[in-house]
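Q: Residue numbers (the numbering used here): 52 to 484.
Every residue gets a Cβ at the ideal spot worked out from N, C-alpha and C, and that includes glycine.
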Ligand code: DSN
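1) Please tell me whether, using a cut-off of 7 Å, the distance from the CB of residue 165 to the nearest non-hydrogen atom of the ligand DSN is below it.
2) Opposite residue 248 in the DSSP bridges: which residues?
3) Have a look at residue 331 and residue 281 and give me their C-alpha separation to the nearest angstrom.
4) Residues in its own chain within less than 7 Å of residue 456 by CB, not counting five upstream and five downstream?
5) Between residue 145 and the ligand DSN, is there a pair consisting of the residue's CB and a ligand heavy atom that are separated by less than 7 Å?
6) Buried or exposed for residue 301, please, with buried defined as at least 16 other CB atoms from any protein chain shown within 10 angstroms of its CB.
7) For the ligand DSN, is there a heavy atom less than 7 Å away from the beta-carbon of residue 326?
8) Which value, in whole angstroms, describes the spacing of the CA atoms of residue 106 and residue 167?
9) From the DSSP output, in three-state form, read off residue 117 for me.
10) Going by the C-beta, is residue 261 closer than 7 Å to any heavy atom of the ligand DSN?
11) What residue from 358, 469, 428 has the CA that sits closest to residue 84's CA?
12) So what's residue 140 in DSSP terms, helix, strand or just coil?
13) When the Cα atoms are used, what is the spatial distance from residue 478 to residue 70?
14) Would residue 327 and residue 139 qualify as a contact pair, given that the criterion is a beta-carbon distance under 8 Å?
15) My output table needs one value for residue 110: the three-state DSSP class, helix, strand or coil.
16) Which same chain residues end up closer than 6 Å to residue 361 when comparing Cβ atoms and leaving out the 5 residues on each side of it in sequence?
17) With DSSP run on the structure shown, which of helix, strand or coil describes residue 406?
18) Exposed or buried, residue 378, counting other C-beta atoms within 10 Å across all chains shown (16 or more means buried)?
19) Using the Cα positions of residue 469 and residue 307, report the straight-line distance between them to the nearest angstrom.
20) Quick check: the Cα distance between residue 370 and residue 226, rounded to an integer number of angstroms?
21) If you follow the beta strand (DSSP E) that residue 208 is in, where does it begin and where does it stop?
22) Take the Cβ of residue 386 as the centre, count every other Cβ of all protein chains shown within 10 Å, and call the residue buried at 16 or more, exposed below.
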């Protein structure tokens, strides 16, 4: 990065320091991961220079022959990966994928149902501070206080009562399998569409380690950067080929795939980020290899061992464990807050995020929970043995949040552990600078 270093040392130094932070700490935020150098190279490529409004071979700009190849590959590979008939790879984020999906199937003012943000849902699933809560009339379903699991009976009752236009499934902090088939039954009974947002679990779905939502939903949305381990961005899939959707200024109805395309561009976005789409194509190619399934299997095994270790140290986990890549620790029984726990763990070199637990008495900036995930550490090559070690480190820190000596000692142990699991070879080059 010599040009950057000489032209803009501030940004060069920030990138160097962030690289070192990622390298020397344990990244346990469940929605983060480390992309490959191949993905990074595509992201940092000249495709960032290109305007390509429209879709492959139907663009509003000349000179699109090479970016068309990138987008064509990204669409083809994502369809193959998920067994989907249609894919749109242009959304800049999962939020924009959800916006385009909702507007395809519902009109502002319609009723939609999504999981409550404080129960593990996502901002775009109907939070009042988000476009979803502002444009639509939202009815939120929740988690059973007894089991910590989605209350499908409540979902059915609410759906019967409110007759939503669509039901959104998917979550940001839910450690268990989502029963998409059950939701489809509920949606069918009340005549609602079903959108499955698989942002967190996309890698597990792609490799058959989580039930597939495609047969049970009208639209599947996702991000590409969590368990899927691609660049930051969005993805929309469907297996519905027909339908009749009226769009503004269009005299004839469109099929569902055509309507989604139109809601992504020009409905919600302008020019696509072609460097990101190229990087998505690379990530999908990686995800189609057999090694990717082994990686996803290890993510799940690692989360299970981490959960066992924390349980053995008498910590309380929402639902008592995990089926997927994440764990939600409920710290209320220990009299701790998520905010204080996140801070103490960060001092020890373990990066997590505070998170609401179901029926949390604390405010969102305080919380009673900590969300931890295994995708990023699994990318580094860590396995069950390291998870036991890390689970015990987390317990050790949380058992006395005030003990700064513990944090310092653990910080040194973390640094030693990280040295054995290299992410990128870049830091050495940076240190030599
Ligand atoms: N903010 C993301 C997460 O951390 O789960 C979801 O988009």
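A: Result, derived from the coordinates:
1) For the purposes of this step, residue 165 is identified with residue 114 of the chain shown, where counting begins at 1. Every heavy atom of the ligand DSN is 7 Å or more from the Cβ of residue 165, so no.
2) The sequence position of residue 248 within the chain shown is 197, counting from 1. Beta-bridge pairing links residue 248 to 272.
3) Taking the first residue of the chain shown as position 1, residue 331 is located at position 280. Taking the first residue of the chain shown as position 1, residue 281 is located at position 230. Cα-Cα distance, rounded: 6 Å.
4) As a position in the chain shown, residue 456 is number 405, starting the count at 1. Setting aside the 5 residues that flank it on each side, residue 456 has no residue in the same chain whose C-beta is closer than 7 Å to its C-beta.
5) What you label residue 145 is simply residue 94 of the chain shown in a count that begins at 1. Because some heavy atom of the ligand DSN lies under 7 Å away, the Cβ of residue 145 counts as near it: yes.
6) Numbered from 1 along the chain shown, position 250 holds the residue referred to as residue 301. It is exposed - the Cβ of residue 301 has fewer than 16 other Cβ atoms within 10 Å.
7) Residue 326 sits at position 275 when you count from the first residue of the chain shown. Residue 326 has its CB no nearer than 7 Å to any heavy atom of the ligand DSN.
8) As a first step, residue 106 must be located in the chain shown, where it is residue number 55. As a first step, residue 167 must be located in the chain shown, where it is residue number 116. If you take the alpha carbons of residue 106 and residue 167, they lie about 35 Å apart.
9) Counting from one through the chain shown, the residue named residue 117 turns up at place 66. The answer is helix: DSSP assigns residue 117 an H, G or I state.
10) As a working note, residue 261 is residue 210 in the chain shown. No.
11) For this step, residue 84 is matched to residue 33 along the chain shown. Ranking the options by Cα distance to residue 84, first place goes to 428.
12) Numbered from its first residue, the chain shown carries residue 140 at position 89. Coil at residue 140, not helix or strand.
13) In the chain shown, residue 478 corresponds to position 427, counting from 1. In the chain shown, residue 70 corresponds to position 19, counting from 1. In this predicted model, residue 478 has a pLDDT of only 49, less than 50, meaning its place in the structure is not dependable enough to derive any value.
14) For the purposes of this step, residue 327 is identified with residue 276 of the chain shown, where counting begins at 1. For the purposes of this step, residue 139 is identified with residue 88 of the chain shown, where counting begins at 1. Not in contact: residue 327 and residue 139 (Cβ atoms no closer than 8 Å).
15) Counted from its first residue, the chain shown places residue 110 at position 59. Here residue 110 sits in strand by DSSP.
16) As a first step, residue 361 is located in the chain shown; it is residue number 310 there, counting from the start. Closer than 6 Å at the Cβ level, and outside the excluded window around residue 361, lie 442.
17) On the chain shown, position 355 is the one that residue 406 refers to. In this structure, residue 406 counts as strand in the three-state DSSP scheme.
18) Sequence index remark: in the chain shown, residue 378 carries index 327 (1-based). Its Cβ being crowded by 16 or more others within 10 Å, residue 378 is buried.
19) For the purposes of this step, residue 469 is taken as residue 418 along the chain shown, with counting starting at 1. For the purposes of this step, residue 307 is taken as residue 256 along the chain shown, with counting starting at 1. Distance between the alpha carbons of residue 469 and residue 307: 47 Å.
20) Start at 1 with the first residue of the chain shown, and residue 370 comes out as number 319. Start at 1 with the first residue of the chain shown, and residue 226 comes out as number 175. Roughly 8 Å between the two C-alpha positions.
21) For the purposes of this step, residue 208 is taken as residue 157 along the chain shown, with counting starting at 1. No beta strand (DSSP E) holds residue 208; the alpha helix (DSSP H) holding it covers 203 to 213.
22) Position 335 of the chain shown, counting from 1, holds the residue named residue 386. Classification of residue 386: exposed, given that the 10 Å Cβ count is below 16.
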